[in-house]
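In what follows, a single structure is set out as structure tokens and then discussed.
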Amino acid sequence: MTGPDYLAALLLLAGALFFLAGTLGLLRFPDVYTRLHALTKADNVGLGLIVLGLSLQSGSWLVAGKLILIWLLVLLAGASVSHLIARGARLRGIPEWRR
Amino acid sequence: MSAAGFYALAGVALVVLGLYGLAVQAHLLRKLLAVNILGSGVFLVLVGLGGPADAGPDPVPHAMVITGIVVAVSATALGLVLMLKLTTTSGRPTLEDDAPREGPEA
Amino acid sequence: MPDLYHALTLFLLLNLGAGLWRVVRGPTAADRMLAAQLFGTTAVAILLVLAQAGGVAALRDVALVFALLAAVAAVAFVRRAWPQPEDEHDRP
Amino acid sequence: MSLLQTGIDALLALGLVWLAWRALACPDLFRGIVLFIAFGLLMALAWVRLEAPDVALAEAAIGAGLTGALLLAALARLNRIAPAGTRADTREAWRNAPALLLVLAGAGLGLAVLSLLPEPAGLQAQVAAELGRSGVSNPVTAVLLNFRGYDTLLEVLVLLLALLAAWSLEAEPPRREAAPGPVLDLLLRLLLPVLVLAAAYLLWAGAHAPGGAFQAGAVLGAAGVLALLAGWRLQPHLTGLPLRLAIVIGPGGFLLVAWALLLTGRPLLEYPPALAGALILLIETLATLSIAATLAVLFQGSRPAAEPPA
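Going down the list, the sequences are from chains A, B, C and D. Letter by letter, the first sequence follows residues 9 to 107 in this note's numbering. Letter by letter, the second sequence follows residues -6 to 99 in this note's numbering. Letter by letter, the third sequence follows residues 234 to 325 in this note's numbering. Letter by letter, the fourth sequence follows residues 86 to 395 in this note's numbering.
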């Protein structure tokens, strides 16, 4: 393994860590709003880091561009869905967690 | 066992689960889920048995499964329309025989 | 490197399995749908990693389709399957 | 095969069975549907592991997009028609099951599969030998549109049949959709052009790489479903003849090609090798349009003309 390989591996591992954090948040956070917060960490940062690591490994600008397009699409879907669900939850009076 | 073997056996399990669900579930939406799972099991067996050999995967079951997936979704859509129509007419999303009888004594 | 990719795939799959607990537990329908949303993202990550591991470019197309349709089920949920609050559909 | 890969396959296979079981057995229907959506997702991953990227594409478009939306929308309508009817006591039902019969059937099927596994006998060699004359270089597309073209012809006719049956049932017209709101509207405006582009790309790529009419049609159909969910409707002057034309142009064009070939004295759907590539692209393009229109209209469930103009 060479230098870029180590960097890519590091990015992939960091991405995996964010997926773990997202899942843990989904399991441990107390209400739907905080869980949304955890979910978007996996969408934005977790997938982002993995896409970055894989782009380094792919060795082709075309593939890297496609990977980034996929990431942007997931971001768009994740952000919109999070908004729609949070708004829906408020309209339906799902209570927020209070300590 | 090869990877394809795992999936073919999982397919058998899905066929059995689907048949079971189809037989014992009263709710028609659940029956539709069961049919879909049954179909997925059949697809897995088909592709698993033609699975990656030395000559590569067999494209014929792949083609059959692709048509199968599209037919399954259109059949599901039709099934859902039928279910809704039946529910509007009879007030229950179940077939007559599955529902508890509501005789005059009830 | 291939081992790293496969280990990563396995790890992401285990993540997905853990997320299933939220689908089963709920408590609200929104929680279950959220978990399904996370599964979609995880599947995209798995597909991209597997594409790199096996050198199969077509898997990136599968990931692309997943990314494109990630919102469909959730939008169907928000717009249809979630019981509407009373005033919502009376607006023009 | 490394231990890690075996672990992935074992986990996926077990996950599929577990999800199917929970989807069928859990008491709440909504939960069952969400589990079924997750099941479709894992199916796509399983196809990838089985080296079937074409199937994975179709499953991703249909399993992850369309089926979930279809089931959720139907559940919503069901809740409106019969609010009490969506909770059936499954426990009761699971007790009275003909379990022994099913265990026997499962054992028989399992034995059959196990006996067939050691010597996979496929048609790889035959397909590879004829691939040069098929007009495309993706073997799955060659099988779908050339070697077994009659299969695909009947399949698009099945789609049409399903739509005609659904329309003939005169289901209740869908309720007026609430206003989509700025976020959903923006999502659609950004996503729909990309979806159309991706469908065109999949259609074009199908000749030499995984993709093709079914995958492209499913992606385009999902775009239609998304638009319907946001409350976008066809202009009234498009719901009549133009929509019906889009629905029948796939099977119609396919039949015309088959008929024209018969007139030249060839067997049914045997293309001249020089024209095969162009004919396949033509049929696939028309089929993509029809599959997309049919899937989107099936999602709506009722005849669009029956709706009052908004």
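Just so you know, even glycine gets a beta-carbon here, dropped at the ideal spot from N, CA and C.
For residue j and residue i, believed in contact at Cβ under 8 Å, the rounded distance
i, j, result
"D/Thr370", "D/Leu288", "6 Å"
"D/Asp319", "D/Val304", "For the sequence presented, residue 319 of chain D should be read as Leu rather than Asp. Actually they do not touch by this definition, with Cβ atoms about 19 Å apart."
"B/Gly61", "B/Gly34", "Contact doesn't hold; Cβ gap of about 12 Å is too wide."
"D/Ala129", "B/Phe(-1)", "At roughly 16 Å, the Cβ-Cβ gap does not stay under 8 Å, so D/Ala129 and B/Phe(-1) are not in contact."
"D/Leu269", "A/Ser88", "7 Å"
"A/Ala94", "A/Leu44", "6 Å"
"D/Ala343", "D/Leu238", "7 Å"
"C/Leu301", "A/Leu64", "So it is not a contact: roughly 25 Å between Cβ atoms."
"C/Leu280", "D/Val133", "7 Å"
"D/Gln385", "D/Leu313", "6 Å"
"D/Leu216", "D/Pro224", "6 Å"
"B/Ile30", "D/Leu109", "7 Å"
"B/Val63", "D/Ala251", "In fact, because the Cβ distance is near 15 Å, the residues do not count as touching under 8 Å."
"C/Ala296", "A/Ile78", "5 Å"
Where the alpha helix (DSSP H) containing residue i begins and where it ends
i, result
"D/Trp289", "266 to 290"
"D/Phe124", "114 to 134"
"D/Asn164", "153 to 166"
"D/Ile147", "From DSSP, D/Ile147 is part of no alpha helix (DSSP H); its letter is neither H nor E."
"A/His91", "69 to 99"
"D/Gly306", "298 to 314"
"D/Glu262", "No alpha helix (DSSP H) holds D/Glu262; DSSP gives it neither H nor E."
"B/Val8", "-4 to 17"
"C/Asp294", "291 to 301"
"D/Gly234", "234 to 253"
"C/Phe310", "Note, C/Phe310: premise wrong, no alpha helix (DSSP H); not H, not E."
"B/Arg23", "21 to 42"
"A/Ile102", "First-last for A/Ile102: undefined, no H or E at that position."
"D/Thr91", "88 to 110"
"D/Leu202", "Note, D/Leu202: premise wrong, no alpha helix (DSSP H); not H, not E."
"C/Met234", "Taken as a continuous stretch (DSSP letters only), C/Met234 belongs to no alpha helix (DSSP H), as it is neither H nor E."
"D/Ser375", "358 to 385"
"D/Leu323", "No alpha helix (DSSP H) holds D/Leu323; DSSP gives it neither H nor E."
"C/Thr275", "262 to 287"
"A/Gly56", "55 to 66"
"D/Ser219", "Here D/Ser219 belongs to no alpha helix (DSSP H), and DSSP marks it neither H nor E."
"D/Thr349", "Neither: D/Thr349 is in no alpha helix (DSSP H) and is coded neither H nor E."
"B/Ala53", "According to the sequence provided, residue 53 of chain B is Val. The question's Ala does not apply to it. First-last of the alpha helix (DSSP H) with B/Val53: 52 to 83."
"A/His45", "40 to 49"
"D/Gly207", "Taken as a continuous stretch (DSSP letters only), D/Gly207 belongs to no alpha helix (DSSP H), as it is neither H nor E."
"C/Pro316", "Run containing C/Pro316: none; DSSP gives neither H nor E here."
"A/Phe37", "Per DSSP, A/Phe37 belongs to no alpha helix (DSSP H) and is neither H nor E."
Beta-carbon gap between residue i and residue j smaller than 8 Å
i, j, result
"D/Gly160", "D/Leu114", "Residue identity differs from the one stated: residue 160 of chain D is Leu in this sequence, not Gly. Yes, these two residues count as a Cβ contact at 8 Å."
"C/Val203", "D/Leu142", "The first residue shown for chain C is 234 and the last is 325, placing residue 203 of chain C beyond what the model contains."
"A/Ala97", "C/Ala263", "yes"
"B/Ala146", "D/Pro183", "Residue 146 of chain B is absent from the model: chain B starts at -6 and stops at 99."
"B/Ser164", "D/Leu353", "One cannot answer for residue 164 of chain B here, as it falls past the ends of chain B, which runs -6 to 99."
"D/Gly220", "D/Pro358", "yes"
"D/Glu262", "D/Gly306", "no"
"D/Ile368", "D/Gly337", "no"
"A/Leu19", "A/Leu70", "no"
"A/Gly23", "A/Ile58", "yes"
"B/Leu39", "B/Val58", "yes"
"B/Ala1", "B/Gly41", "yes"
"D/Gly150", "B/Leu26", "no"
"A/Lys74", "C/Arg293", "yes"
"A/Thr31", "A/Ser90", "no"
Cutoff 8 Å: residue i Cβ touching any chain E Cβ
i, result
"D/Val342", "Considering every chain present, this structure includes no chain E. Its protein chains are A, B, C and D."
Heavy atom of the ligand MN within 7 Å of residue i beta-carbon
i, result
"C/Ala296", "This structure does not include the ligand MN; it has no bound ligands of any sort."
Examine the Cβ distances between the region 236 to 246 of chain C and the region 22 to 36 of chain A and report whether three or more of them are shorter than 8 Å.
yes
Does the region 50 to 60 of chain B come within contact of the region 216 to 235 of chain D, defined as at least 3 CB pairs closer than 8 Å?
yes
Are the region 273 to 286 of chain C and the region 245 to 259 of chain C touching by the rule of at least three beta carbon pairs closer than 8 Å?
yes
Taking three-plus beta-carbon pairs below 8 Å as touching, is the region 373 to 390 of chain D in contact with the region 318 to 332 of chain D?
yes
Any 3 or more C-beta pairs closer than 8 Å across the region 299 to 313 of chain D and the region 135 to 153 of chain D:
yes
Between the region 144 to 154 of chain D and the region 118 to 125 of chain D, do at least 3 Cβ pairs fall closer than 8 Å?
Contact holds: three or more Cβ-Cβ distances are below 8 Å.
Would you be able to state if there are at least three C-beta pairs under 8 Å between the region 268 to 279 of chain D and the region 354 to 364 of chain D?
Flag = no, the region 354 to 364 of chain D and the region 268 to 279 of chain D do not touch.
Would the region 22 to 30 of chain B and the region 150 to 166 of chain D be scored as touching if the rule is three or more Cβ pairs under 8 Å?
yes
For the structure I just gave you, are there three or more beta carbon pairs, one from the region 282 to 291 of chain C and one from the region 243 to 253 of chain D, closer than 8 Å?
no
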